[in-house]
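Under my numbering, the letters of the sequence shown match residues 60 to 390, in that order. All remarks here apply to the structure that follows.
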Amino acid sequence: MSDIDYKSEIERIKKECGVTVVAHFYQRDEVFEMGDITGDSLELARRCKEETNPWIVFCGVGFMGQSVKIIDPSKRVLMPKIACCAMARMIDASYFDDSVEFMEKHGIKKENILPVTYINSDATIKARVGQMGGLVCTSSNASKIISKALDSGKKILFVPDRCLGQNIAIDMGLKSCVIGDGSNPKDADIICFDGFCSVHQLFTPADVEFYRNRYPDIKIAVHPECDPKVTALADFVGSTSQLIKYIKSLDPEQKVAVGTEYNLVNRLRDKNTYVLSSTKPECPTMNETTLEDLYKTMKSIEDGEPLNEIFVDDNTVKYARVALDRMLDIK
Ligand code: 13P
Ligand code: SF4
């Protein structure tokens with residue numbers, strides 16, 4: 060079947076079966092174009108909550124589809140590929156428990172720890188966080204969520220992305236440490252788990268230097284999953300949607316080099332927008348989903364044999380939902 064046939068078939072099944080296709084900005088262009096709802100991870104979670112169609116076909120990574128199911132378990136959520144974000148895989152329930160234990164060993168009682176998990180984590184982590192009174196954040200609301208968390212007067216355990224945790228701390232004038240870096244968590248406000256995004260680690264201070272030397276007036280815009288050494292050199296740091304808004308607000312003659320996933324930057328690319336890396340910064344898992352996969356998933360709904368449906372057990376949903384709802388309640 061050609062791309063055109065896939066596209067028209069997908070549109071037909073959407074209408075006939077009541078399916079909403081959701082796509083993250085990092086998806087391949089041909090998949091992204093099929094999205095009824097597109098956006099960054101916060102926008103997708105909020106908009107899926109309001110969606111009335113019974114079927115959601117989510118083109119993104121595993122934790123995103125899982126979050127939609129947790130927020131509204133009555134929805135039937137399918138993913139053309141249940142591709143797992145590499146960062147989300149860096150922490151499981153036992154690593155989470157070890158992190159709490161590490162803080163306890165340093166004299167911080169469990170009741171004085173408030174965990175915050177980046178949405179890039181498995182449902183089991185969100186459930187642990189919910190059970191301890193904590194909440195979820197995304198890259199676009201992280202400062203707001205951390206401010207709210209700090210109102211509790213507790214130490215913040217931030218998982219799994221050390222870079223996002225460190226970047227928020229710097230932004231808010233707080234002290235952070237990373238578990239395993241040898242420092243005492245008692246001296247920090249935000250204690251970060253040592254996870255990271257391998258895609259956003261590709262951007263280095265040398266890349267910034269290269270572009271600044273080449274075009275002295277260039278702007279540098281990066282995602283907060285980049286290392287603090289890189290964000291410190293940037294003109295703008297923001298989530299995927301915030302980056303798009305920033306780039307669109309610039310004078311068309313203004314050069315800008317962008318440090319985030321390739322598919323998004325490439326979509327925005329014109330003569331003045333550059334990818335801030337000599338290596339192609341593609342997220343392998345986001346790229347797994349093809350137009351053919353999307354078509355096959357749609358067809359499986361029509362055929363009454365849904366493929367790759369997302370299920371989360373009731374106990375996990377119960378607590379993970381608390382953590383997600385606490386985030387969604389903060390406007
Ligand atoms: P956004 O919240 O900006 O969509 O980021 C999700 C993500 O996985 C970035 O790597
Ligand atoms: Fe996960 Fe990084 Fe891919 Fe985002 S870009 S989905 S954090 S691996």
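Ideal Cβ positions, reconstructed from N, Cα and C, are used throughout, including at glycine.
If you measure from the beta carbon of residue i to each beta carbon in chain B, is any gap under 8 Å?
| i | result |
| --- | --- |
| V371 | Absent from the structure: chain B. Only one protein chain is present. |
Can you tell me whether residue i sits near the ligand SF4, meaning its C-beta is under 7 Å from at least one heavy atom of the ligand?
| i | result |
| --- | --- |
| H165 | no |
| S257 | yes |
| M345 | yes |
| E102 | no |
Ignore the nearest five residues each way along the sequence and tell me which others in residue i's own chain have a CB closer than 6 Å to its CB.
| i | result |
| --- | --- |
| Y333 | A316 |
| L366 | T356 and S359 |
| Q190 | Y378 |
| D266 | L335 and S336 |
Tell me the rounded alpha-carbon separation between residue i and residue j.
| i | j | result |
| --- | --- | --- |
| K128 | T375 | 11 Å |
| V370 | I115 | Position check: residue 370 holds Phe in this sequence, whereas Val was assumed. Whole-angstrom Cα-Cα distance: 13 Å. |
| H157 | R71 | The residue asked about is misnamed: residue 157 is Asp in this sequence, not His. Answer to the nearest angstrom: the Cα atoms are 49 Å apart. |
| L309 | N346 | 28 Å |
| D294 | I279 | 5 Å |
| S300 | G98 | 7 Å |
| D362 | D210 | 51 Å |
| C107 | S133 | 12 Å |
With 16 as the cutoff for other CB atoms within 10 Å, does residue i come out buried or exposed?
| i | result |
| --- | --- |
| D373 | exposed |
| A379 | buried |
| Q313 | exposed |
| K185 | buried |
| T348 | buried |
| D248 | buried |
| S180 | buried |
| I389 | exposed |
| N322 | buried |
Give every residue of the same chain whose Cβ lies closer than 8 Å to the Cβ of residue i, excluding the five residues on either side of it in the sequence, and list them in chain order.
| i | result |
| --- | --- |
| I63 | none |
Using C-beta distances below 7 Å, list every residue in its chain close to residue i, excluding the 5 sequence neighbours before and after it, in chain order.
| i | result |
| --- | --- |
| M392 | Because the chain is modelled from 60 through 390, residue 392 falls outside the range shown and cannot be assessed. |
| N171 | K213 and K214 |
Whole-angstrom Cβ separation of residue i and residue j, contact assumed at under 8 Å?
| i | j | result |
| --- | --- | --- |
| I227 | T197 | The Cβ separation is near 12 Å, so there is no contact. |
| L216 | I250 | 5 Å |
| E320 | P343 | Contact doesn't hold; Cβ gap of about 11 Å is too wide. |
| E284 | C222 | 5 Å |
| Y65 | E351 | 6 Å |
| V136 | E368 | 7 Å |
If you measure from the CB of residue i, is any heavy atom of the ligand 13P nearer than 7 Å?
| i | result |
| --- | --- |
| E70 | no |
| D62 | no |
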